[in-house]
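In what follows, a single structure is set out as structure tokens and then discussed.
2 protein chains.
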Amino acid sequence: MKESLGPKVFGFPAPVFMVGSYDENGKANIMNAAAAGTCCLRPPCIYVSLREATYTYHNIMLNKAFTVSIPTEDQVVEVDYFGIASGKEIDKFKKVGFTPVKSELIHAPYVKEFPVVMECNLKETINLGSHTMFIGEVIDLKVEGDVTTTIPVKSDIKLIKVDLEKLRPLIYDLSLRGYYKLGEKIGNGFSDGLKYFKK
Amino acid sequence: MKESLGPKVFGFPAPVFMVGSYDENGKANIMNAAAAGTCCLRPPCIYVSLREATYTYHNIMLNKAFTVSIPTEDQVVEVDYFGIASGKEIDKFKKVGFTPVKSELIHAPYVKEFPVVMECNLKETINLGSHTMFIGEVIDLKVEGDVTTTIPVKSDIKLIKVDLEKLRPLIYDLSLRGYYKLGEKIGNGFSDGLKYFKK
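Protein chains in written order, with my numbering: chain A, 1 to 199; chain B, 200 to 398.
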């Protein structure tokens, strides 16, 4: 018998998306967004939901562009700091010793030290209440070579994919605000469920 | 030096949201959505991105309501089956022996065997291309007592929260289609980053 907890979200797991943007003076900022994810595959789109009180909200409204970087387990303290401090008052990159990199495709910076980044043009803005969704179309996915694996598809076609064992990404729990490691792989999508077709 | 992989999404981690809906004849259906997540806190909103080819797409368009249930590690085979089979051709509940429960709040069913469910009214529909986002406002979060923990806030106020150690939720990798367990907790949000304020 289920118990009612009222109108609340339990949106587990949440990603740890590091959102890069420029302010009106071209100062690079980075923040941590957990109400975020994938929303379309063709064209490839991701979103971040932000409160209007954030510096990044106004930067994205201004420039219609942002980046999303994916950090790793050993960057959890810096990641959390980027979610607490405000770029209005401080240069967060300088504070932790990270390096902003200017995108050549869009007007937004990304973070050299994070191994995966998506450069996005703003596609849709949807105000839902406390949070506004910024839906970005991904113009390019860039990755460090040491977090990828190459999968042969045909003799002349190879897929380069991010390897989770090498990346060691973070997972966030919005409910109790915890950062977690990825655990053991226990299944394969579009595969394990096939056994019910044979029954 | 980062390598360009082109316009692609790496939206890790993805949730395993089990979407419940009724068709025009009142038949209950359930499907698996990974392009999904939290998009607002006040009002509480979640979304699922679906292709128009899915049965659930048309059910949500018709009824303007859906549920999202959260499954557990030991349900990975059923979960994957719900993502492969189509409710057009088969009663997925009967096939795996799961039980549809009629929501008392909205016109959509949820799954008795999944320990957490959110009942949602459709708030916004956004067509992005291959996928359409269905944004739902959560009317109620319901949970089984054996996956919660009670946190005392004041002498007369207690918070009931989902306990991840008891729930044992699934995590999905959209990129290589793997299901994963949750790993070790390695940090606390709005806490670990405070050390940079003291520097």
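For glycine and all other residues, C-beta sits at the position ideal for the given N, C-alpha and C. These numbers were taken from a predicted model, which means no experiment stands behind them.
For residue i, the three-state DSSP class (helix, strand or coil)
{"i": "A/MET18", "result": "strand"}
{"i": "A/LEU50", "result": "strand"}
{"i": "A/ASP192", "result": "helix"}
{"i": "B/PHE396", "result": "helix"}
{"i": "A/LYS64", "result": "coil"}
{"i": "A/GLY145", "result": "helix"}
{"i": "B/VAL413", "result": "With chain B represented from 200 up to 398, any question about residue 413 of chain B goes unanswered, as that position is not in the structure."}
{"i": "A/PHE98", "result": "coil"}
{"i": "B/LYS399", "result": "Because residue 399 of chain B is not part of the residues shown, which for chain B are 200 to 398, the question remains open."}
{"i": "B/ILE338", "result": "strand"}
{"i": "B/ILE305", "result": "coil"}
{"i": "A/LYS112", "result": "coil"}
{"i": "A/GLU119", "result": "strand"}
{"i": "B/LEU358", "result": "strand"}
{"i": "B/ASP372", "result": "strand"}
{"i": "A/GLU24", "result": "coil"}
{"i": "B/GLY377", "result": "strand"}
{"i": "B/GLY382", "result": "strand"}
{"i": "B/GLY282", "result": "helix"}
Check whether residue i and residue j have beta carbons under 7 Å apart
{"i": "A/ILE186", "j": "A/PRO13", "result": "no"}
{"i": "A/ILE135", "j": "A/TYR47", "result": "yes"}
{"i": "A/ALA65", "j": "A/ILE30", "result": "no"}
{"i": "A/THR67", "j": "A/TYR110", "result": "yes"}
{"i": "B/CYS239", "j": "A/GLY129", "result": "yes"}
{"i": "A/GLU78", "j": "B/LYS201", "result": "no"}
{"i": "A/THR38", "j": "B/VAL300", "result": "no"}
{"i": "A/GLY189", "j": "B/ARG376", "result": "yes"}
{"i": "A/ASP80", "j": "B/GLY392", "result": "yes"}
{"i": "A/LYS94", "j": "B/SER203", "result": "no"}
Cβ neighbours of residue i in the same chain (closer than 7 Å, five flanking residues each side left out)
{"i": "B/LYS360", "result": "THR347, THR348, ILE350"}
{"i": "A/PHE82", "result": "MET18, ILE30, MET31, ASN32, LYS92"}
{"i": "A/ASP140", "result": "LEU105, GLU119"}
{"i": "B/LYS322", "result": "CYS244, ILE334, GLY335, GLU336"}
{"i": "B/ILE259", "result": "SER220, PHE265, LEU321, PHE333"}
{"i": "A/VAL76", "result": "LEU170, TYR179"}
{"i": "A/LEU62", "result": "GLU24"}
{"i": "B/GLU251", "result": "THR331"}
Beta-carbon contacts of residue i that lie in its chain and below 6 Å, excluding the five residues immediately before and after
{"i": "B/GLU297", "result": "Just to set this straight, residue 297 of chain B is Phe in the shown sequence, not Glu. Excluding positions up to five away in sequence, the list reads VAL310, GLU312."}
{"i": "B/PRO243", "result": "VAL337"}
{"i": "B/ALA233", "result": "ALA213, TYR371, LEU373"}
{"i": "A/LEU159", "result": "ILE151, VAL153"}
{"i": "A/MET133", "result": "TYR47, SER49, ILE126"}
{"i": "B/GLY219", "result": "ILE229, THR266, ALA307, PRO308, TYR309"}
{"i": "A/VAL96", "result": "GLU78"}
Sequence-distant residues of its chain with Cβ nearer than 8 Å to residue i (five each side left out)
{"i": "B/LEU366", "result": "ILE269, THR271, PRO314, VAL315, VAL346"}
{"i": "A/LEU182", "result": "LEU164, ARG168, PRO169, ILE171"}
{"i": "B/ASP273", "result": "ARG367"}
{"i": "A/LYS198", "result": "none"}
- prompt: Taking one C-beta from the segment 334-354 of chain B and one from the segment 144-155 of chain A each time, how about it: are there three or more such pairs within less than 8 Å?
  reply: no
task: Evaluate contact between the segment 165-184 of chain A and the segment 10-26 of chain A, counting only Cβ atoms and requiring at least three cross-stretch pairs below 8 Å.
output: yes
query: Quick one: any contact between the segment 279-290 of chain B and the segment 251-259 of chain B, if contact means 3 or more CB pairs under 8 Å?
result: yes
- request: Could you name the residues of the segment 327-343 of chain B whose beta carbon sits closer than 9 Å to any beta carbon of chain A, in the order they occur along the chain?
  value: LEU327, GLY328, SER329, HIS330, THR331, MET332, ILE334, GLU336, VAL337, ILE338, ASP339, LEU340, LYS341, VAL342, GLU343
field: Contact residues within the segment 379-394 of chain B, judged by C-beta distance below 9 Å to chain A
entry: TYR379, LYS380, LEU381, GLY382, GLU383, LYS384, ILE385, GLY386, ASN387, GLY388, PHE389, SER390, ASP391, GLY392, LEU393, LYS394
query: Using Cβ-Cβ distances below 8 Å, what residues of the segment 240-265 of chain B are close to chain A?
result: LEU240, ARG241, PRO242, PRO243, CYS244, ILE245, TYR246, SER248
The segment 278-292 of chain B: positions lying closer than 8 Å to chain A by Cβ: VAL278, ASP279, TYR280, PHE281, GLY282, ILE283, ALA284
- prompt: For the segment 95-113 of chain A, which residues have a CB atom closer than 8 Å to at least one CB atom of chain D, in sequence order?
  reply: Judged by its chain identifiers, the structure shown contains no chain D, and its protein chains are A and B.
query: Which residues, in chain order, does the segment 348-365 of chain B contribute to contact with chain A at a C-beta distance below 7 Å?
result: ILE359, LYS360, VAL361, LEU363
Chain-ordered residues of the segment 211-229 of chain B with a beta carbon less than 8 Å from chain A: PHE211, PRO212, ALA213, PRO214
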